[in-house]
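What follows is a short report on a single structure.
2 protein chains.
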Amino acid sequence: MRTAFYISDGTAITAEVFGHALLTMFPAQFEHITIPFVESCDMAEQVKQRINDRYKTTGQRPLVFQTFVDDQLRQIINSSNAVCYDFLNSFVEPIQRELGIAPMAKTHRTHSMHEKTYDFRIDAVNYALANDDGANMKNFDHADIILVGVSRSGKTPTSLYLALQYGIKAANYPFVEEDMEALKLAPELLRNKSKLFGLTITAQRLSQIRQQRRPDSRYASLRQCQLELNEVESLYRREQIPFLNSTALSIEEISAKIIASTGLKRHKY
Amino acid sequence: MRTAFYISDGTAITAEVFGHALLTMFPAQFEHITIPFVESCDMAEQVKQRINDRYKTTGQRPLVFQTFVDDQLRQIINSSNAVCYDFLNSFVEPIQRELGIAPMAKTHRTHSMHEKTYDFRIDAVNYALANDDGANMKNFDHADIILVGVSRSGKTPTSLYLALQYGIKAANYPFVEEDMEALKLAPELLRNKSKLFGLTITAQRLSQIRQQRRPDSRYASLRQCQLELNEVESLYRREQIPFLNSTALSIEEISAKIIASTGLKRHKY
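Top to bottom, those sequences are chains A and B.
Counting with my numbering, you get residues 31 to 299 for the letters of the first sequence.
Counting with my numbering, you get residues 31 to 299 for the letters of the second sequence.
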């Protein structure tokens with residue numbers, strides 16, 4: 031099996047996203063090794079040794095995805111027995127030419143707390159936690175978005191992802207069984223109606239998910255799931271609440287679709 | 031101000047990471063526009079029009095970061111009045127040559143739920159939520175890692191990030207004021223000692239953070255913060271619990287450092 035290294039003087043998150051996007055295109059297995067915070071020549075030399083050892087053991091040159099800005103560190107890694115892919119270095123020059131300005135020399139830190147938007151994200155995470163599952167409805171006035179839907183339709187992980195990734199304050203509110211008889215929007219939801227976004231899901235998938243949580247309960251039965259989904263979807267239509275079906279979507283996809291369709295302002299790029 | 035577009039037939043998350051890593055190297059402001067889920071030629075033509083309009087209004091060619099795999103869609107975007115940067119396309123060929131295998135033709139979907147590891151991540155998020163702030167200590171036996179530290183030292187956002195990003199089951203446990211008199215590890219922590227990881231922070235920063243939460247309280251006082259941190263750090267040393275100081279680190283950096291120093295197994299790459 032070929033080894034893929036992701037190496038950086040920072041978190042190596044960018045190197046991972048970059049390498050992963052490329053390697054998933056190939057029908058092959060890789061052993062993945064991430065080495066973050068390689069911040070000195072000594073450390074870079076150790077990493078180089080590790081790469082060379084891997085080459086000796088496997089007989090195949092490792093693939094190295096790296097995102098150093100420091101030239102000296104990059105060159106040490108480049109001198110190892112590996113194939114090195116360096117997208118920052120490849121693209122910086124064309125962008126420099128286009129913009130007509132030089133890049134800053136300082137070490138690259140995309141994922142550090144020196145980003146202006148860092149505090150927004152922590153605030154948003156705290157907000158999402160404090161306003162999960164319909165808690166503190168009076169806080170809904172401060173939400174950027176309020177996700178609504180039946181229990182286990184994906185509201186909570188989506189709220190957290192919107193907060194962590196984009197600094198968006200997402201509250202969420204579950205429509206529970208007791209609401210179903212005469213489903214309507216509570217006053218706190220009504221006065222924030224423009225912020226509501228509905229999630230739905232197929233009854234089959236919902237039943238599967240609930241089954242894991244409370245096996246053989248009425249809550250998990252296909253009949254109950256279908257009933258709740260019917261009620262909630264007709265509420266969405268009646269009240270003209272935008273909604274999407276989360277069944278075949280990842281949290282990342284749900285979040286990206288919500289942002290694209292609502293025009294929600296992100297606090298992080 | 032120059033406009034940067036991030037465009038993809040998927041979430042465009044990879045395009046954003048890619049473009050953002052590059053643009054943050056330049057001392058300039060950009061207007062950022064993300065357009066995800068461009069899945070048909072019609073949609074690609076509309077996006078092209080939007081790019082060209084932007085060129086007309088601003089007089090400057092927008093920068094376009096794109097991650098299409100579909101050749102036809104890519105070419106439509108490439109024919110706009112923009113400078114297009116396409117790292118997938120630039121690197122696929124060299125990797126193909128090195129591996130000696132062809133990439134798959136299907137659309138690229140790094141952030142979809144078809145990743146094998148998707149369910150791990152949702153389980154891990156649910157685990158982190160259910161085991162936040164010392165809840166359900168009997169579940170600690172199922173944790174991959176247990177973050178410990180004083181209140182507001184960064185445990186909760188880090189647990190959530192480890193779960194969402196890496197599928198790691200992270201519980202967390204706060205040492206509260208009442209524990210300080212004779213600080214020791216509870217039985218549930220003792221029997222999972224190899225999973226413990228401590229967070230600490232400077233008293234100044236902790237006091238600032240607590241001040242926002244409960245202004246002018248004893249809880250937020252510098253004196254109380256210092257006292258708790260002294261106790262907790264000496265516990266870490268006495269019990270040989272690895273720990274790090276989160277003061278100047280982002281959640282991403284804390285998480286990457288924890289994984290690198292513990293060798294924690296990730297469920298997502």
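In this text, a Cβ means the ideal position worked out from N, Cα and C, and glycines have one as well.
| request: Please state if the CB of residue 173/A and the CB of residue 199/A are separated by a distance shorter than 8 Å. | output: yes
| Looking only at C-alpha atoms, which of 81/A, 202/A, 99/A and 289/A sits nearest to residue 92/A? | 81/A
| said: Count Cβ pairs between the region 194 to 214 of chain A and the region 248 to 267 of chain A that sit closer than 8 Å; are there 3 or more? | reply: yes
| Proximal residues to residue 126/B (C-beta, below 7 Å), its chain only, five neighbours per side dropped | 132 and 133
| request: Give the single residue among 113/A, 96/A and 141/A whose Cα lies nearest to the Cα of residue 119/A. | output: 96/A
| DSSP bridge partner residues for residue 12/B (one or two, in chain order) | Since the first residue shown for chain B is 31 and the last is 299, residue 12/B is missing from the structure and cannot be characterised.
| request: Go through the region 169 to 210 of chain A residue by residue and report every complete run of the alpha helix (DSSP H) that reaches 4 residues or more, in order. | output: 185 to 196
| field | Continuous alpha helix (DSSP H) stretch holding residue 82/B: start and end | value | 71 to 88
| message | Quick check on residue 117/A: does DSSP put it in helix, strand or coil? | response | helix
| task | Identify the contact partners of residue 210/A in chain B, using a Cβ-Cβ distance below 7 Å as the criterion. | result | Ordered by position in chain B, no residue passes the 7 Å Cβ test against residue 210/A, which lies about 24 Å from the chain.
| query | Name the residues in the region 267 to 286 of chain B whose C-beta lies less than 9 Å from a C-beta of chain A; which are they? | reply | 278, 279, 280, 281, 282, 283, 285 and 286
| Between residue 339/A and chain B, is there a C-beta pair that is closer than 8 Å? | Residue 339/A lies beyond the stretch modelled for chain A, which goes from 31 to 299, so this question has no answer here.
| request: Would you verify that the beta carbon of residue 88/B is, or is not, closer than 8 Å to some beta carbon of chain A? | output: no
| request: Report the rounded CA-to-CA distance for residue 276/A versus residue 231/A, giving the unit in angstroms. | output: 5 Å
| request: Work out the CA separation of residue 57/A and residue 84/A for me, nearest whole Å. | output: 22 Å
| said: Just to check my reading of the structure: residue 202/B and residue 185/B have Cβ atoms closer than 8 Å, yes? What is that Cβ distance to the nearest angstrom? | reply: 4 Å
| message | To the nearest angstrom, how far is the alpha carbon of residue 286/A from that of residue 35/A? | response | 29 Å
| Taking C-alpha atoms, which residue in 262/A, 157/A and 246/A lies nearest to residue 180/A? | 262/A
| Contacts of residue 75/A in chain B (Cβ-Cβ under 8 Å) | Those do not exist, as residue 75/A stays about 18 Å from chain B at its closest Cβ, beyond 8 Å.
| field | Straight-line Cα distance separating residue 89/B from residue 175/B | value | 53 Å
| said: Less than 8 Å between CB atoms is the rule here; does residue 57/A satisfy it with respect to chain B? | reply: yes
| task | Work out the CA separation of residue 47/B and residue 54/B for me, nearest whole Å. | result | 11 Å
| said: Between residue 203/A and chain B, is the shortest Cβ-Cβ distance under 8 Å, so that the two count as touching? | reply: no
| field | residue 74/A Cβ short of 7 Å to the ligand SAM heavy atom set | value | In the structure shown, the ligand SAM is absent, as is every other ligand, since no ligand is present at all.
| field | Against chain B: residues of the region 85 to 119 of chain A by CB proximity under 8 Å | value | 91, 93, 97, 99, 113, 115, 117 and 118
| Range covered by the beta strand (DSSP E) that runs through residue 61/A | 60 to 65
| Assigned exposure category for residue 216/B - 16 Cβ within 10 Å defines buried | exposed
| query | Under a three-way DSSP split, which group does residue 91/B fall into? | reply | coil
| query | When you compare only the Cα positions, how much space is there between residue 283/A and residue 103/B? | reply | 20 Å
| Sorted by chain position, which residues of the same chain lie with C-beta nearer than 8 Å to residue 122/A's C-beta, five sequence neighbours on each side aside? | 133
| Going along chain B, which residues have a C-beta under 9 Å from residue 125/A? | 52, 53, 55, 56, 93, 113 and 115
| request: Let me know the alpha helix (DSSP H) ranges lying completely inside the region 229 to 282 of chain A, each 4 residues or longer, listed in chain order. | output: 233 to 243 and 252 to 268
| Backbone CA spacing between residue 238/B and residue 248/B [nearest angstrom] | 13 Å
| message | Using DSSP's beta-bridge definition, name the partner residues of residue 35/A. | response | 63/A and 94/A
| request: Return the first residue and the last residue of the alpha helix (DSSP H) that residue 154/A is part of. | output: 148 to 160
| For residue 148/A, which residues in chain B fall below 7 Å Cβ to Cβ? | 280
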